[in-house]
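Accompanying notes for the structure given below.
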Amino acid sequence: MVQQVQKTKAIGTTLVDVKGLKVHFPVKGGLLGRTVGQVKAVDGVDLFVRRGETLGLVGESGCGKSTTGRAILQLIKPTAGTVKLDGVELTTASSNDIRRKRAEMQMVFQDPYSSLDPRYTIGQIISEPLENFKRGNAKEIQEEVANLMETVGLNPFYVNRFAHEFSGGQRQRIGIARALALHPSFVVADEPVSALDVSIQAQVLNLLQDLQGKFGLTYLFVAHNLSVVKHISDRVAVMYLGRVVELAKSESLYETPLHPYTQALLSAIPVPDPEVELRRKRIILEGDVPSPVNPPSGCNFHPRCWKAQAICREVIPPLEEKQSNHYAACHFPG
Amino acid sequence: MAANLLEVNNLKTYFYTRGGVVKAVDDVSFIMKPGQTLGVVGESGSGKSVTALSVMRLIATPPGKIAGGEILFNGENILDKSRDELTELRGSKISMIFQDPMTSLNPVFTVGYQIAETVKRHRKDVSNEQAWRRAVEMLDLVRIPDAKRRAKNYPHEFSGGMRQRVMIAIALACNPQLLIADEPTTALDVTIQAQVLELMKGLSQEFGTAVMMITHDLGVVAGTCQYVNVMYAGHIVESAPVKQIFQTPAHPYTVGLLQSIPRVDDARGARLTPIAGQPPDMVNIPQGCPYAARCPKVQARCRQERPELQLVGRGDQSAACFYPN
C-alpha cells in the first residue's frame, strides 16, 4: 500500500536534536600519505529543530553549513557528537537502521543539473525511492508518481521525459518530488534555490512553503543568501568556521543581532533600494575567513572582530541564551 | 556628440549554432557618460554579458558574430578597429574584470609580474623597475596588506576576495576610462563582496573611471550604480536612473523582478510574487514583445508588435512596453 500522507504532528516538540556535532576531515600529506592535520569543517555544533518549523542555517562558504546538514542525515559520518531524529540516536545506529530511517529524512540538493541522473526518466527518478522501500505494486507506484508530480507543479504528462528536457526550476521541482516520495518528516534543503534565476527562485520558495503547510514538513534550510533565509525560516542559526555563533527567531536575529559576526554579515547584504543603501552604515570586516585547518584560538572570530579583548583570544565562548530564545556565542554580545 | 564615452547603437550579436541562430543581443542601444556607473541587470541568458563582450570585441567568432550596429567609444567605432588597434585599446582605455577570479589570473606568474606586464604593454617608455613599482602601488591601492612582499606571490597564495582585488589592480593599472565588471562579486561571500564593492566604488570615484556593472543582484545595483539597464531575452526592456528603477519601475518585467526577490529588510512570511513561466527559448523568440508570454498586463497588440524603448514621461526613464506603469 502506498503510505497515506502523515498527519501534522504538534508543532513545537523537538524533532531533530544535535549536540556537540563535529566533522573533521583528515589532511593527507608527505610521501607516505600520513595524516598531517585536520580540516575542522564542523567543530562542535549544537542545535535543535522543532516539528513543523523551518530552521535556516546560514554562513559563508566553508563555514560548515552544508557539512552539518549532511552529517545530520548521516551522509557523512560525524567525528563526534550526537544526532537524534524523533528521539532515536542516529550516530550509533547500524547501517540497516539508518537505511530504514532514510524514509523519514530526505534531502534536496543545490544543483538541479548534477543531482538528477541523465539516463533516467523523470518517472524513474521519482519512483526509485518508492521501489526501494517497496511502497506498493507497479500500478500504485505509477499513480503515486503522477500525484507527486502534480503536487510539485509538474505536468504528469512529462513522466517519460529526461532531466535535460527541463529547465533549472523544473528540475528542482523534480528533486523536491523525489525527496517527498516517501513522505519524510524532516527535509534538509541544501541551497535549493541558489542555482536558479531570481524570477524562478520565488516559484520554488513558494512551493517549499506550500508543501510544508500541506504535509507538516520540518525543514533545515541551508543557504548563504540571508534574504532568502529570512523569508523562509522561523528560526535562524548563523555559522562561522564550524560553529554556530548565533541562533534565534528570525525577527529578533535580523532586528537585534547580538554576535558581531552576524551584525557584520547583515550589514553587508545589499538591499534592492537605493534610498536604503544610501542611509545604511556598513560594517566592513577586515581580512578573510581563516583556514579551518588551523582555526584561531578562543573565539575563532576574534582576529576580525572589532570588539575583541584578551579573553576572546583564550576562551571559546559557549552558545548561551542571552535573551529569551536568543542564543549567542560571544563574550561581549549586543 | 563627444560628451558620450560609450555609445552603442542597434547592436546585434548573434550566435550561429546547430540548433539555429541565437539572438543573444538584439538591437540594443545605450550610452554611457564619462565617470558614470551603469548597472546592467537581467537573468541568465538575457544578453548582459554578451553586450559587455561585444564592447570589448571578445565575442568568439565562430559561432558568434556582431551582426549589426555600431559601438562608438570616444566617438570612434570599435567595430572598425584592426586587431592591433584593439589590443592597444583593451587594458589601457577599456578594462574588464570577470566573475571568476580563480581562472582569470595566470597561475605560473606572480601577481606583481602580471600587473607590471599590463603596464609595460601599454607604456613603451616605462622601465621594468618602474612597472614593478606601479604594480606594488596598485596592490597597495586595492588594499592588499604588505603589498611589496605580496607582489612576489603567485595567484594560488591569495584568497578569492584578494584575487578579485588583484584583478581590479590589473584592470585599473593603466587608468582606463571604462571598466567593465562582469558579475565581479558573484563568486564571493557577502562580507567579501561588501569589501570589493566598496573598493570599486572608491576607486572609480577617485580616478573618474566609468563602470559598467553587470549583475543579476538588484541589491548590488541599488548600492553602486547611478543608472540601470534592465535586459530581457536580448533586449533592453527598461532604462532609467537607479532611483526610478526601484521606486517607479515602468516595465512589467522590472516590476515582477522586484516583487519576486525576498528582502532582508522585509517582514517575514510575506508571500513572494513570482513571475509565471520561463524565459523564452532564445533560438525561437516569439514575435512581438519577448515578455508577452509571462506578462500580467499582456494585450493582443503585445503578441504582434515589438515595443521600442521609449520615454515614459518621467524624466530620463524609458521602457520597451506598450502599457508601461
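Line order of the protein sequences matches chains Y and W.
FYI, the numbering used here numbers position 97 of the first sequence as 98, with every residue one higher than the one before it.
FYI, the numbering used here numbers position 120 of the second sequence as 187, with every residue one higher than the one before it.
Quick reminder that beta carbons are idealized off the backbone N, C-alpha and C, glycines included.
Since the model is a prediction, treat every value here as computed from it, not as a measurement.
Please list the partners that residue i has in chain Y, where partner means a Cβ-to-Cβ separation under 8 Å.
i      : result
W/S171 : Result: empty, since nearest Cβ-Cβ is about 19 Å, beyond 8 Å.
W/P357 : Under the 8 Å cutoff, chain Y gives no residues; its nearest Cβ is about 14 Å from W/P357.
W/H283 : D198 and V199
W/T340 : A203
W/V331 : L227, S228, K231, Y255, L267, I270 and V272
W/I237 : Under the 8 Å cutoff, chain Y gives no residues; its nearest Cβ is about 20 Å from W/I237.
W/L270 : Those do not exist, as W/L270 stays about 15 Å from chain Y at its closest Cβ, beyond 8 Å.
W/I328 : V199, Q202, A203, S228 and P273
W/S306 : Near W/S306 there are no residues of chain Y at all, since even the closest Cβ is about 16 Å away, more than 8 Å.
W/S162 : Those within 8 Å of W/S162 in chain Y number zero; the least Cβ separation is about 23 Å.
W/G228 : D289
W/E224 : Those do not exist, as W/E224 stays about 12 Å from chain Y at its closest Cβ, beyond 8 Å.
Alpha helix (DSSP H) containing residue i: first to last residue?
i      : result
W/Q311 : V309 to Q314
W/R150 : R150 to L156
Y/G38  : Y/G38 -> not in any alpha helix (DSSP H); beta strand (DSSP E) instead, spanning R35 to R51.
Y/V153 : That residue, Y/V153, is in no alpha helix (DSSP H); it is neither H nor E in DSSP.
W/D207 : N195 to L208
Y/A265 : P261 to A269
Y/F216 : V199 to F216
Y/H165 : Run containing Y/H165: none; DSSP gives neither H nor E here.
Y/S251 : S251 to E256
W/T258 : V257 to F274
Y/I126 : I123 to N133
W/T118 : K115 to V122
Y/V277 : P275 to R280
Y/C313 : A311 to E315
W/A214 : A214 to R217
Y/D98  : S96 to K102
What does residue i pair with, by DSSP beta-bridge criteria?
i      : result
W/I98  : W/E74
W/D249 : W/I281
Y/R244 : Y/Y241
W/I235 : None; W/I235 has no bridge partner.
Y/R327 : The residue asked about is misnamed: residue 327 of chain Y is His in this sequence, not Arg. DSSP, once it has assigned bridges, lists Y/Q324 as partnering Y/H327.
W/H302 : W/Y299
W/G106 : W/M280 and W/V295
Y/R236 : Y/L56 and Y/K250
W/N144 : W/L139
W/T80  : W/V92 and W/I133
So which residues of chain Y does residue i contact, with C-beta pairs closer than 9 Å?
i      : result
W/F140 : None at all; the shortest Cβ gap to chain Y is about 28 Å.
W/G114 : Correct list: empty, because the minimum Cβ distance to chain Y is about 14 Å.
W/G286 : S228, I270, P271, V272, P273, D274 and E278
Let me make sure I understand the geometry here. Which of the options has the alpha-carbon closest to that of residue i?
i      : options                           : result
W/K115 : W/D383, W/I303 and W/S385         : W/I303
Y/R305 : Y/S325, Y/A329, Y/H260 and Y/Q202 : Y/H260
W/V379 : W/H318, W/T80 and W/Q326          : W/H318
Y/P271 : W/A360, W/V288 and W/Y320         : W/V288
W/L94  : W/T80, W/E305, W/T104 and W/M169  : The question names Leu, yet the displayed sequence has Asp at residue 94 of chain W. Checked all of W/T80, W/E305, W/T104 and W/M169; the closest Cα to W/D94 is W/T80.
W/M298 : W/L245, W/C356, W/P101 and W/Y221 : W/C356
W/C292 : W/R210, W/M279, W/A300 and W/P347 : W/M279
Y/H225 : Y/R52, Y/D18 and Y/K66            : Y/K66
W/P212 : W/E196, W/R232 and W/S385         : W/R232
Y/R120 : Y/R162, Y/G335 and Y/V188         : Y/R162
W/R368 : W/S171, W/Q377 and W/Y390         : W/Y390
W/E137 : W/S162, W/G131 and W/I145         : W/I145
Y/M1   : Y/D289, Y/T68 and Y/E321          : Outside the shown range of chain Y, which is 2 to 335, sits residue 1 of chain Y, and nothing can be said about it.
W/F165 : W/P341, W/V75, W/A248 and W/L376  : W/A248
Could you spell out where the beta strand (DSSP E) holding residue i opens and where it closes?
i      : result
Y/D191 : F187 to D191
Y/M108 : M106 to V109
W/A183 : Unbroken run through W/A183 is the alpha helix (DSSP H), V178 to H189; no beta strand (DSSP E).
W/I164 : I161 to I164
Y/K337 : Residue 337 of chain Y cannot be examined here, being either before or after the span of chain Y that is shown, 2 to 335.
W/A134 : G131 to F140
Y/A224 : T219 to A224
Would you mind telling me which residues of chain W sit closer than 7 Å to residue i, beta carbon to beta carbon, in chain order?
i      : result
Y/P275 : A289, V309, K310 and F313
Y/S186 : Those do not exist, as Y/S186 stays about 22 Å from chain W at its closest Cβ, beyond 7 Å.
Y/S298 : Near Y/S298 there are no residues of chain W at all, since even the closest Cβ is about 21 Å away, more than 7 Å.
Y/N148 : Simply none; closest approach about 23 Å.
Y/S168 : Q345
So with CB distances below 8 Å, who are the chain W contacts of residue i?
i      : result
Y/I177 : Here the premise fails: no neighbours, minimum Cβ distance about 15 Å.
Y/S67  : Residues of chain W passing the Cβ test: none, with the nearest at roughly 14 Å.
Y/S62  : D256
Could you list which residues in chain W have their beta carbon closer than 9 Å to that of residue i, in chain order?
i      : result
Y/L286 : T258, I259, A261 and Q262
Y/N156 : Those within 9 Å of Y/N156 in chain W number zero; the least Cβ separation is about 13 Å.
Identify the contact partners of residue i in chain Y, using a Cβ-Cβ distance below 7 Å as the criterion.
i      : result
W/L324 : V199 and S200
Q: Only counting runs of 4 or more residues, tell me where the alpha helix (DSSP H) segments fall wholly within the region 48–81 of chain Y, in order along the chain.
A: For the region 48–81 of chain Y, whole alpha helix (DSSP H) runs of length 4 or above, ordered along the chain, are 66–73.
Q) In the region 310–389 of chain W, which residue ranges form an unbroken beta strand (DSSP E) of at least 3 residues, counting only runs that do not cross its ends? A) Entirely contained in the region 310–389 of chain W, the beta strand (DSSP E) runs reaching 3 residues are, in chain order, 377–381 and 384–386.
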